[in-house]
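Written out below as structure tokens is the structure these notes cover.
Next up, the structure:
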């Protein structure tokens, strides 16, 4: 992506470690527990159509300043402050 000057954004925590400009992803340590609770309800006869959709509880932002510099992109200070992790 850097060769063709194309900024990429990933959806996994480690995407910027591999050179992506950024990653914004759901970070819910209890996701598996919540999924298991829904599965149990369905297995006990609940209609999935009547169960509420559950959104992730938290999201995380990871930025890669090296990639930004290589692409000639200036990351705003406000964005850097909001990031959960910045790769220098």
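Numbering (this note's numbering), first residue to last: 1 to 88. Note that the Cβ used here is the ideal one computed from N, Cα and C, for glycine as well. Since the model is a prediction, treat every value here as computed from it, not as a measurement.
query = Are residue 9 and residue 26 close, meaning C-beta to C-beta below 7 Å?
reply = When the beta-carbon positions are compared, residue 9 and residue 26 stay at least 7 Å from each other.
query = Can you list, in chain order, the stretches of the beta strand (DSSP E) that have 3 or more residues and sit fully within the segment 16-62?
reply = With a minimum length of 3 residues, the continuous beta strand (DSSP E) runs that stay inside the segment 16-62 are 22-26.
message = Within the continuous beta strand (DSSP E) that includes residue 85, where are the two ends?
response = Here the beta strand (DSSP E) through residue 85 covers 85-87.
inquiry  = Is any non-hydrogen atom of the ligand NAP found closer than 6 Å to the C-beta of residue 18, if you look at the structure I gave you?
reply    = In the structure on display, the ligand NAP does not appear, and there are no ligands present to speak of.
inquiry  = Taking a contact to mean a Cβ-Cβ separation below 7 Å, would you say residue 19 touches residue 67 in this structure?
reply    = At a Cβ-Cβ threshold of 7 Å, residue 19 and residue 67 count as neighbours.
ask   = Would you report the Cα separation of residue 71 and residue 53, rounded to the nearest angstrom?
value = Taking the straight line joining both Cα atoms gives about 38 Å.
ask   = By a C-beta neighbour count over all protein chains shown, 10 Å radius and 16 as the cutoff for buried, is residue 64 buried or exposed?
value = Classification of residue 64: buried, given that the 10 Å Cβ count is 16 or more.
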